[in-house]
Amino acid sequence: KNEVEQSPQNLTAQEGEFITINCSYSVGISALHWLQQHPGGGIVSLFMLSSGKKKHGRLIATINIQEKHSSLHITASHPRDSAVYICAVNPTGNQFYFGTGTSLTVIP
Amino acid sequence: DAGVIQSPRHEVTEMGQEVTLRCKPISGHDYLFWYRQTMMRGLELLIYFNNNVPIDDSGMPEDRFSAKMPNASFSTLKIQPSEPRDSAVYFCASSRLAGGPGEQYFGPGTRLTVT
Numbered sequence: 001k002n003e004v005e006q007s008p009q010n011l012t013a014q015e016g017e018f019i020t021i022n023c024s025y026s027v028g029i030s031a032l033h034w035l036q037q038h039p040g041g042g043i044v045s046l047f048m049l050s051s052g053k054k055k056h057g058r059l060i061a062t063i064n065i066q067e068k069h070s071s072l073h074i075t076a077s078h079p080r081d082s083a084v085y086i087c088a089v090n091p092t093g094n095q096f097y098f099g100t101g102t103s104l105t106v107i108p
Numbered sequence: 109d110a111g112v113i114q115s116p117r118h119e120v121t122e123m124g125q126e127v128t129l130r131c132k133p134i135s136g137h138d139y140l141f142w143y144r145q146t147m148m149r150g151l152e153l154l155i156y157f158n159n160n161v162p163i164d165d166s167g168m169p170e171d172r173f174s175a176k177m178p179n180a181s182f183s184t185l186k187i188q189p190s191e192p193r194d195s196a197v198y199f200c201a202s203s204r205l206a207g208g209p210g211e212q213y214f215g216p217g218t219r220l221t222v223t
């Protein structure tokens, strides 16, 4: 049983396209996180959300607590956005559940 | 700050051998986390420490795995004996807060291959 499901697993887009990655979860949470893992393997945090919407540059993250769903949007995608995007949820307490990631390739 | 430092970056060993992975957290961070990443299971939290004390080791797969944090600037993850199914990338992360991975700083990872 996966507490966190991401879709799609793989995504290829043309440069400039608007991209959406989805994350659904099955447990009550105190926060949801979006992480980016570069082809070299390094992991960086993009967003931490507990409600509503956050924006950072071309990245937008939204969460609907009632529907247990979050989306990560990338506007005007660029080849340097190519990476694996990982959704993780933080139920109360200190357990974390991770999605298996969405592999994004942006073609010039 | 140099960020979270892990060593070695790559490790290849034979089944049955002991493997020790090392991590130096960011100075001033109170929490240290060990994760494992595989293609099949994605990222998994193995164990985490607060002020050098192990808080939750429920993610440690079995007794072959052990982790220590003898001081605030150093932690080890040991596998003895190693098995091929332990092949994965092992990440160390540190943070000031106990919050989720969005508040943590990840090291570059150690890619372990057990043959």
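Read top to bottom, the protein sequences are chains X and L. Quick note on the working numbering: the first sequence kicks off at 1 and runs consecutively. Quick note on the working numbering: the second sequence kicks off at 109 and runs consecutively. A virtual CB, placed ideally from N, CA and C, is assigned to each residue, including glycine.
| query | result |
| --- | --- |
| C-beta neighbour in chain L for X:Ser51, strict 8 Å | no |
| Residues from the stretch 142-154 of chain L in contact with chain X, defined by Cβ distance under 9 Å | Tyr143, Gln145, Met147, Met148, Arg149, Gly150, Leu151, Glu152 and Leu153 |
| Amino acids of chain L, ordered along the chain, whose beta-carbon sits closer than 7 Å to that of X:Thr100 | Gly150 |
| Minimum Cβ-Cβ distance from X:Ser45 to chain L less than 8 Å | yes |
| Collapsed DSSP secondary structure at L:Glu152 in the structure displayed | strand |
| CB contact check: X:Phe96 to chain L, cutoff 8 Å | yes |
| 9 Å Cβ cut-off: residues of chain L touching X:Ile65 | Here the premise fails: no neighbours, minimum Cβ distance about 15 Å. |
| Any chain X beta carbon closer than 8 Å to L:Glu191 | no |
| Contact between the stretch 128-135 of chain L and the stretch 186-204 of chain L (3+ Cβ pairs under 8 Å) | yes |
| Per-residue DSSP class, three states only, for X:Arg80 | helix |
| Simplified DSSP state of L:Pro162, which is helix, strand or coil | strand |
| X:Val27 versus X:Pro91 - alpha carbon distance | 7 Å |
| Spatial neighbours of L:Asn160 in its chain, beta-carbon cut-off 7 Å, leaving aside the 5 residues before and after | Met177, Asn179 and Ala180 |
| Member of L:Phe141, L:Pro169, L:Glu211 and L:Glu152 whose CA lies at the smallest distance from the CA of L:Gln188 | L:Pro169 |
| Chain X contact residues for L:Phe199, given Cβ-Cβ distances below 9 Å | Gly41 and Ile43 |
| Cβ neighbour criterion (16 or more within 10 Å) applied to L:Asp171 | exposed |
| Cβ-Cβ distance between L:Gly111 and L:Ser190 below 8 Å | no |
| 8 Å Cβ cutoff, X:Ile74 in contact with chain L | no |
| CB of X:Leu35 within 8 Å of CB of X:Leu104, strictly | no |
| Residue-level contact to chain X via CB, L:Phe214, 8 Å cutoff | yes |
| Burial state of X:Thr75 (16 or more Cβ within 10 Å) | exposed |
| Whole-Å CB distance - X:Ile86 paired with X:Gln37, under 8 Å assumed | 6 Å |
| Within-8 Å CB hit, X:Ile86 to chain L | yes |
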